[in-house]
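K.L.:
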Amino acid sequence: MENRCIKRSGKVDFVEVADNIFAALTTYYGLSWANAGFINKGKGLVVDTFADLSQAQELKDFVTKTHRKTPGYVVNTHPDMDHLNGNQLFIDSDIIAHQNFYDEYDAGRFKYWQMVQKTGKQSGKPGLMFLAENIEGLDFAGIIPVSPNITFDKNMVIRLDDMRVELKNIGPAHTKSDALVWLPVEKVLFAGDVLFEGVVGWSEEGVKGWVGALDYIYKEMKPNVVVPGHGRICDAKFVAEMRDYFQNIIDTVDKYYDEDITALELAKKIDVRDYLHWFQPERLFVTVSTIVKERRGQTGIKDWEYLVPNMAKLKSHYDKAYGSRS
Ligand SMILES: [Zn+2]
Numbered sequence: 002m003e004n005r006c007i008k009r010s011g012k013v014d015f016v017e018v019a020d021n022i023f024a025a026l027t028t029y030y031g032l033s034w035a036n037a038g039f040i041n042k043g044k045g046l047v048v049d050t051f052a053d054l055s056q057a058q059e060l061k062d063f064v065t066k067t068h069r070k071t072p073g074y075v076v077n078t079h080p081d082m083d084h085l086n087g088n089q090l091f092i093d094s095d096i097i098a099h100q101n102f103y104d105e106y107d108a109g110r111f112k113y114w115q116m117v118q119k120t121g122k123q124s125g126k127p128g129l130m131f132l133a134e135n136i137e138g139l140d141f142a143g144i145i146p147v148s149p150n151i152t153f154d155k156n157m158v159i160r161l162d163d164m165r166v167e168l169k170n171i172g173p174a175h176t177k178s179d180a181l182v183w184l185p186v187e188k189v190l191f192a193g194d195v196l197f198e199g200v201v202g203w204s205e206e207g208v209k210g211w212v213g214a215l216d217y218i219y220k221e222m223k224p225n226v227v228v229p230g231h232g233r234i235c236d237a238k239f240v241a242e243m244r245d246y247f248q249n250i251i252d253t254v255d256k257y258y259d260e261d262i263t264a265l266e267l268a269k270k271i272d273v274r275d276y277l278h279w280f281q282p283e284r285l286f287v288t289v290s291t292i293v294k295e296r297r298g299q300t301g302i303k304d305w306e307y308l309v310p311n312m313a314k315l316k317s318h319y320d321k322a323y324g325s326r327s
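Using the numbering used here, you'd call the opening residue of the sequence shown number 2 and step up by one each time.
1. State the beta-bridge partners of residue 74 as determined by DSSP.
2. Quick one: residues in its chain with C-beta nearer than 8 Å to the C-beta of residue 104, no 5 flanking neighbours on either side, listed in chain order?
3. Look at the Cβ atom of residue 195, then the Cβ atom of residue 18, and state whether they are nearer than 8 Å.
4. Which residues bound the beta strand (DSSP E) around residue 14?
5. Can you have a look at residue 240 and say buried or exposed, based on whether 16 or more other CB atoms are within 10 angstroms of its CB?
6. Sorted by chain position, which residues of the same chain lie with C-beta nearer than 6 Å to residue 188's C-beta, five sequence neighbours on each side aside?
7. According to the Cβ coordinates, are residue 80 and residue 102 closer than 8 Å?
8. Can you tell me which of the three DSSP states residue 250 falls into?
9. Which residues count as close to ligand 1 when the rule is a CB under 6 Å from any of its heavy atoms, in chain order?
10. Work out the CA separation of residue 118 and residue 324 for me, nearest whole Å.
11. Beta-carbon within less than 6 Å of residue 120's beta-carbon, same chain only, minus the 5 sequence neighbours each way: which residues are those?
12. Out of 308, 24 and 12, point me to the one whose CA is closest to residue 235's CA.
13. DSSP three-state label for residue 309, please.
14. Buried or exposed: residue 56, going by 16 or more other Cβ atoms within 10 Å of its Cβ?
15. Less than 8 Å between the beta carbons of residue 88 and residue 96, yes or no?
16. Determine the closest residue to residue 166 out of 146, 190 and 132, with distance taken between C-alpha atoms.
17. Apart from the five residues just before and just after residue 270, which ones in its own chain have a Cβ nearer than 6 Å to its Cβ?
18. Judging by CA-CA distance, which residue of 52, 16 and 34 is the nearest neighbour of residue 41?
19. Per DSSP, what kind of secondary structure is residue 193 in: helix, strand or coil?
20. Residue 173 and residue 199 - do their beta-carbons sit closer together than 8 Å?
21. With a threshold of 6 Å on Cβ separation, who are the neighbours of residue 90 within its own chain once the five nearest residues in sequence on each side are excluded?
22. For residue 284, which residues of its own chain have a beta-carbon under 7 Å away from its beta-carbon, when the five flanking residues on both sides are left out?
23. Pull up the CB-CB distance for residue 267 and residue 289, whole angstroms please, since I reckon it's below 8 Å.
24. For residue 12, which option in 64, 138 and 134 has the closest C-alpha, if you only look at C-alpha atoms?
25. Determine the extent of the alpha helix (DSSP H) in which residue 210 is found, giving its start and end residues.
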């Protein structure tokens with residue numbers, strides 16, 4: 002069937018991507034504008050619960066209207082707060098995640114984002130200002146952390162009447178606990194942050210695992226419809242595009258890395274002409290910097306005050322090398 006837009010609101014679009022399978026999409030303004038989903042079969046299953054309570058409430062209202070009862074299940078695809086801050090609105094559902102979830106979950110993380118929202122713009126610090134810009138329009142007030150009550154190991158199958166839903170962990174990729182929500186008959190994949198434009202890798206092991214995971218999705222699962230963790234609905238072609246993006250990073254880093262090269266010099270050597278349409282392609286610096294710091298045993302991988310100025314330098318390089326994008 003053609004994707005059918007069911008409901009459009011200020012912050013969330015609900016699109017029926019296959020019979021009774023809905024993507025809940027936010028416009029991709031910045032790094033915490035995440036997607037979610039809902040499957041209206043059997044007991045009903047929600048995929049992720051957004052970054053803020055107003056988006057989560059829209060999801061809940063949509064579920065209540067279409068399903069007419071509390072959904073049986075919520076899946077948290079990974080422990081990042083932009084995908085689970087709305088869990089408290091689904092407190093009566095079973096909330097499921099991969100078993101490594103708790104290795105990486107920080108229940109108080111939303112407090113950091115409240116601080117960024119309150120003080121980031123006036124801080125004069127490029128990293129904090131960047132983060133504040135990227136969460137503009139979201140509201141982290143009123144969040145009470147609610148975490149999963151069920152975890153699974155490699156795979157888990159949930160039956161929603163006659164519909165088979167598979168939860169799969171094929172990481173490490175974006176995190177160690179990425180859970181794909183896969184509908185093998187309908188060939189619809191809710192990918193969480195295993196797939197989205199503007200991805201960044203937070204470990205070399207993760208980047209390498211990611212290539213394998215994307216190759217598996219592309220060659221074995223062959224999805225017709227992919228709902229990414231952020232951004233618009235896509236398909237298998239984008240899976241291959243992202244796999245090639247990471248492979249290109251790995252190959253170029255392996256070719257040019259030595260003890261003296263800076264992360265910025267190394268990042269500039271990576272040809273990104275096929276990825277300039279992605280959201281903030283200069284985010285590539287984050288992945289390269291992560292690999293360089295890991296190889297040198299350095300700490301501070303998530304130091305945004307280091308990352309953001311270098312991303313800006315990489316963006317100017319792209320503007321010169323490939324032509325301005327703005
Ligand atoms: Zn995300």
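Ideal placement from N, C-alpha and C gives every residue a C-beta, glycine not left out.
P.N.:
In brief:
1. As a first step, residue 74 is located in the sequence shown; it is residue number 73 there, counting from the start. According to DSSP, residue 74 bridges with 46 and 95.
2. Mapped onto the sequence shown, residue 104 falls at position 103. Same-chain partners within the cutoff: 177 and 178.
3. Numbered from 1 along the sequence shown, position 194 holds the residue referred to as residue 195. Numbered from 1 along the sequence shown, position 17 holds the residue referred to as residue 18. Going by beta carbons, residue 195 and residue 18 fall outside the 8 Å limit.
4. For the purposes of this step, residue 14 is taken as the residue at position 13 of the sequence shown. Counting along the chain, residue 14 sits inside the beta strand (DSSP E) bounded by residues 14-19.
5. Within the sequence shown, the letter at position 239 stands for residue 240. Its Cβ being crowded by 16 or more others within 10 Å, residue 240 is buried.
6. Looking up residue 188 in the sequence shown gives position 187. Correct list, in chain order: 224 and 225.
7. Your numbering for residue 80 matches position 79 in the sequence shown. Your numbering for residue 102 matches position 101 in the sequence shown. Cβ atoms of residue 80 and residue 102: closer than 8 Å.
8. One-based indexing of the sequence shown puts residue 250 at position 249. The three-state secondary structure of residue 250, taken from DSSP, is helix.
9. Listed by chain position, these are 35, 81, 83, 84, 194, 230 and 231.
10. The count along the sequence shown starts at 1 and reaches residue 324 at position 323. The count along the sequence shown starts at 1 and reaches residue 118 at position 117. In this structure, the alpha-carbon of residue 324 lies about 33 Å from that of residue 118.
11. Within the sequence shown, the letter at position 119 stands for residue 120. For residue 120, where only same-chain residues beyond five positions count, there are no Cβ hits under 6 Å.
12. Position 234 of the sequence shown, counting from 1, holds the residue named residue 235. Ranking the options by Cα distance to residue 235, first place goes to 24.
13. Counting from one through the sequence shown, the residue named residue 309 turns up at place 308. Helix at residue 309.
14. Here residue 56 refers to the residue found at position 55 when the sequence shown is read from its first residue. It counts as buried.
15. Numbered from 1 along the sequence shown, position 87 holds the residue referred to as residue 88. Numbered from 1 along the sequence shown, position 95 holds the residue referred to as residue 96. Yes, Cβ-Cβ distance for residue 88 and residue 96 is below 8 Å.
16. Your numbering for residue 166 matches position 165 in the sequence shown. The shortest C-alpha separation from residue 166 is found at 190.
17. Along the sequence shown, one-based indexing puts residue 270 at 269. Cβ neighbours of residue 270 beyond the five flanking positions: 253 and 257.
18. Numbered from 1 along the sequence shown, position 40 holds the residue referred to as residue 41. Sorting 52, 16 and 34 by C-alpha distance to the C-alpha of residue 41 places 16 at the top.
19. Residue mapping note: residue 193 aligns to position 192 of the sequence shown, counting from 1. Residue 193 falls in the strand class under three-state DSSP.
20. Along the sequence shown, read from residue 1 onward, the residue named residue 199 stands at position 198. Along the sequence shown, read from residue 1 onward, the residue named residue 173 stands at position 172. Not in contact: residue 199 and residue 173 (Cβ atoms no closer than 8 Å).
21. Against the sequence shown, residue 90 aligns to sequence position 89. Around residue 90: 57 and 61.
22. As a working mapping, residue 284 is identified with position 283 in the sequence shown. Leaving aside the five residues that flank residue 284 on each side, the residues in its chain whose CB is nearer than 7 Å to its CB run, in chain order, 199, 201 and 312.
23. Looking up residue 267 in the sequence shown gives position 266. Looking up residue 289 in the sequence shown gives position 288. Rounded, the Cβ-Cβ distance is 5 Å, consistent with contact.
24. Your numbering for residue 12 matches position 11 in the sequence shown. Here the closest residue by C-alpha is 138.
25. Stepping through the sequence shown from its first residue, residue 210 is reached at position 209. Taken as a continuous stretch (DSSP letters only), the alpha helix (DSSP H) holding residue 210 covers 205-217.
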